[in-house]
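Peer 1: With the numbering used here, you'll find the sequence shown wraps up at 78, consecutive numbering, no jumps.
We put the CB at the ideal spot given by N, CA and C, even for glycine.
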Amino acid sequence: MSVQLIPVGFIKPYFPAETVPVEVGEGKTTEQVLQELGVNGDLVAMVLINGRQAAKNEPLHDGDVVKLIPFVGGG
Numbered sequence: 004m005s006v007q008l009i010p011v012g013f014i015k016p017y018f019p020a021e022t023v024p025v026e027v028g029e030g031k032t033t034e035q036v037l038q039e040l041g042v043n044g045d046l047v048a049m050v051l052i053n054g055r056q057a058a059k060n061e062p063l064h065d066g067d068v069v070k071l072i073p074f075v076g077g078g
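Structure (structure tokens):
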């Protein structure tokens, strides 16, 4: 099955494009996909699946669009 990953902010350099199509196995989670891609899941503060806030351990489904939002720093 295929999902689209959309990295936001400072985690963009960890991905080859602004929108990354990824083939994943049935029942895989965002957390597992990030591990397989070699991206530290701790960098991701929030996950939006199809525009809805979701946990990193929620199973993905074919056609999902997953936005990866990092922590925001500053001061």
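Look up K15 in the DSSP assignment and say whether it is helix, strand or coil.
Peer 2: Looking at K15 - three-state DSSP - the assignment turns out to be helix.
Peer 1: Mind checking which residues open and close the alpha helix (DSSP H) that includes L37?
Peer 2: It spans T33 to L40 - the alpha helix (DSSP H) in which L37 sits, taken as one unbroken run.
Peer 1: How would you label A58, buried or exposed, when you count the other beta carbons within 10 angstroms and need 16 or more for buried?
Peer 2: Counting Cβ neighbours within 10 Å, A58 comes out exposed, since fewer than 16 surround it.
Peer 1: Return the Cβ separation of L37 and G30 in integer angstroms, given the expectation that the two are a contact with Cβ distance under 8 Å.
Peer 2: Not really, about 15 Å apart at Cβ, beyond 8 Å.
Peer 1: Is any heavy atom of the ligand COA found at a distance shorter than 6 Å from the C-beta of L46?
Peer 2: For the structure depicted, the ligand COA is absent and the ligand set is empty, with no information on it obtainable.
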